[in-house]
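What follows is the structure, encoded as structure tokens:
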């Protein structure tokens, strides 16, 4: 176990920060650009997972387990969120026969 | 702690009661649970509990705000019961979600750790996504729920990234650890910490719908069932502002120069832009949504003020805002029930046949606009003087101008109510729950307007 931590720490923390920032930005772009609701969900999951990666990396570098515990909390919450989101999607599909979010334009200023 | 547990158990009990298939039973469980929690809550006054390694800090700020959240949730619950019970099949499940959202809001006011803050916000949001879509077969409700869900979880992602960066910079989720990190660096934060703080703020501002992050609010408010909109407009907003206030005034007070400008700009933008956007609105729900955004701006002023008056001004403002919002939405719920429309014109000539409803709406509007003797006036006055005390004179001037402009749209429904045109006014029969809600909100609005010391003396 000590060995793994040493190996992980041999990569500089900046690389982890860059990697998770890039993943996070890909997630944001996905939410903003894609029109299929399921792909948007996947992009949101990607954002959350990039945060998980970042927290795990920080946790190793600080030698502090609380970051990894927080990752579990995020996983639980993300699972609950996706369950609710997919239920909402099924509900919308039943009523409109589509999951394209461009169809959600009935409510306007 | 018992308070949070009791409310959570109330939610579970309501869900169990759903299996018994006895409609109306859940109301009594909820009322009993909320009343018990309200009483136990005040037993914790001045105890300043620190629980679970400072994960939960139950100080006087948490006690009063939780009391406010319990009261407004109870009022919304009464309204919910009178409005949903006639035709909803899954009444108890929806009722349980309301109570669970209330539980998580109590975590938001009393967190001492970023983990608890995150869990509070997320649990509340997940409950609200379902509640917004609780009219399964109505398209606006579906659309509101999905919009709220997509934008809300996007904001959650941003907030989490901020928390991760703060953790990376300071090495702790606990505010003691973060504070000792800040003192060790002499309150000079690394860029990683500053970016993290900014992203965390963005996530929180999204939840209270302050201006650059408000775009979801009018759509979601309009599409959701009106009772749920009441909940989102009153209780959820109070909890969000309390969370922000605790974060900044309690934990990040030492690094005020870093965040003060951001909060000031957001606050000024919120009340000013929202007031201007509310002016052309034709629908009452959207109008109240924009009014809620502008009030979020006024509530944020307390975060900036950060002196001995700030907390009490925030409490009075939050109380008067939520009472007035609940009263206004209650009237709207009753009117929509009969007219199936929320255009402003449905209020035309309402004063002739529905005197009580008309009176309630007039009081709510005047209180939100800040006209004495209602509590909105004292709240605005105290908020402005607290902020002026800290030297933000320009912000106060803008605030006064914005509330003067806001009179235009608050007086619009009042003139319609008092107009002589009685052609389309129908007599609306009120259920006892609605009468209780209106009497309580109006009485408290008047009492806090005349004796604001009852609330402001608490903090």
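Chains as they are written, first to last, in this note's numbering: chain A, 3 to 111; chain B, -2 to 456.
From the three backbone atoms N, C-alpha and C, an ideal C-beta is built for every residue, glycine too.
Item                                                                                                                                                                                                        : Value
Within the 8 Å Cβ cut-off, does residue 111 of chain A reach chain B?                                                                                                                                       : Note that residue 111 of chain A has pLDDT 44, beneath the 50 cutoff, so the model's placement of it is unreliable and the number below is only indicative. By this cut-off, residue 111 of chain A is an interface position.
Taking the alpha carbon of residue 446 of chain B as the reference point, which residue from B:409, B:224, B:376, B:395 has its own alpha carbon closest?                                                   : B:376
Since residue 117 of chain A meets chain B, which of its residues come closer than 8 Å, beta carbon to beta carbon?                                                                                         : The question about residue 117 of chain A has no answer here: the residues shown for chain A are numbered 3 through 111.
To the nearest angstrom, report how far apart residue 75 of chain A and residue 50 of chain A are at their CA atoms.                                                                                        : 11 Å
Give me, in chain order, the residues of the same chain whose beta-carbon lies closer than 8 Å to that of residue 4 of chain B; leave out the 5 immediate sequence neighbours on both sides.                : 30, 31, 34, 67, 96, 99, 100, 103
Taking Cβ-Cβ distances shorter than 7 Å, what residues in chain A pair up with residue 119 of chain B?                                                                                                      : 79
Please name the residue or residues paired with residue 280 of chain B in a DSSP beta bridge.                                                                                                               : B:340
Quick one, are the C-beta atoms of residue 299 of chain B and residue 311 of chain B less than 8 Å apart?                                                                                                   : yes
Between residue 251 of chain B and the rest of its own chain, which residues show a CB-CB distance below 8 Å, the 5 nearest in sequence each way excluded?                                                  : 176, 179, 180, 184
Looking only at its own chain, which residues have a Cβ that is under 7 Å from the Cβ of residue 409 of chain B, when we skip the five neighbours before and after it?                                      : 341
To the nearest angstrom, how far is the alpha carbon of residue 453 of chain B from that of residue 351 of chain B?                                                                                         : 35 Å
Using a Cβ cut-off of 7 Å, pull out every chain B residue sitting near residue 76 of chain A, in sequence order please.                                                                                     : 157
Taking buried to mean at least 16 other C-beta atoms within 10 Å of its own C-beta, is residue 59 of chain B buried or exposed?                                                                             : buried
Would you identify the three-state DSSP class for residue 47 of chain B, choosing helix, strand or coil?                                                                                                    : strand
CB-CB under 6 Å to residue 266 of chain B, same chain, minus the five flanking residues each way: which ones, in chain order?                                                                               : 208
In the DSSP assignment, find the beta strand (DSSP E) that holds residue 457 of chain B and state where it starts and stops.                                                                                : With chain B covering -2 to 456 only, the question about residue 457 of chain B has no answer from this structure.
In chain order, what residues of the same chain lie with their CB nearer than 7 Å to the CB of residue 284 of chain B, ignoring the 5 residues before and after it?                                         : 275, 278, 406
Excluding sequence positions up to five away, which residues of its chain have a Cβ less than 7 Å from the Cβ of residue 367 of chain B?                                                                    : 373, 374, 377, 400
To the nearest angstrom, report how far apart residue 105 of chain A and residue 81 of chain A are at their CA atoms.                                                                                       : 26 Å
Considering only residues of the same chain and omitting the five flanking positions on each side of residue 149 of chain B, which have a CB-CB separation below 7 Å?                                       : 122, 126
Could you give the residue range of the alpha helix (DSSP H) that holds residue 19 of chain B?                                                                                                              : Residue 19 of chain B -> no alpha helix (DSSP H), and no H or E assigned at all.
Along chain B, in chain order, which residues have C-beta atoms closer than 9 Å to that of residue 28 of chain A?                                                                                           : None at all; the shortest Cβ gap to chain B is about 12 Å.
Taking C-beta to C-beta, are residue 287 of chain B and residue 271 of chain B nearer than 8 Å?                                                                                                             : yes
Between the beta-carbon of residue 348 of chain B and the beta-carbon of residue 46 of chain A, is there less than 8 Å?                                                                                     : no
Can you pull the chain B neighbours of residue 66 of chain A, defined as C-beta to C-beta under 8 Å?                                                                                                        : 168, 169
Run through the DSSP bridge pairs and tell me what residue 102 of chain A is partnered with.                                                                                                                : A:38
Identify, in the order they occur along the chain, each residue of the same chain with its Cβ nearer than 6 Å to the Cβ of residue 291 of chain B, setting aside the five sequence neighbours on each side. : 268, 271, 272
DSSP three-state call for residue 111 of chain A: helix, strand or coil?                                                                                                                                    : Residue placement at residue 111 of chain A is poorly supported in this model, since its pLDDT is 44, which falls under 50; the coordinates still yield a value, given next. In the structure shown, residue 111 of chain A sits in coil (DSSP, three-state: anything other than H, G, I, E or B).
To the nearest angstrom, how far is the alpha carbon of residue 140 of chain B from that of residue 30 of chain A?                                                                                          : 21 Å
Using three-state DSSP, classify residue 171 of chain B as helix, strand or coil.                                                                                                                           : strand
Could you compute how far the alpha carbon of residue 26 of chain B sits from the alpha carbon of residue 432 of chain B?                                                                                   : 20 Å
For residue 304 of chain B, name the three-state secondary structure that DSSP assigns.                                                                                                                     : coil
By alpha-carbon positions, which one of B:383, B:147, B:318, B:396 ends up nearest to residue 262 of chain B?                                                                                               : B:396
Mapping DSSP to helix, strand and coil, what is residue 318 of chain B?                                                                                                                                     : helix
Using three-state DSSP, classify residue 110 of chain B as helix, strand or coil.                                                                                                                           : strand
Report buried or exposed for residue 500 of chain B, applying the criterion of at least 16 other Cβ atoms within 10 angstroms of its Cβ.                                                                    : Chain B is shown only over -2 to 456; residue 500 of chain B falls outside these bounds and no answer can be derived.
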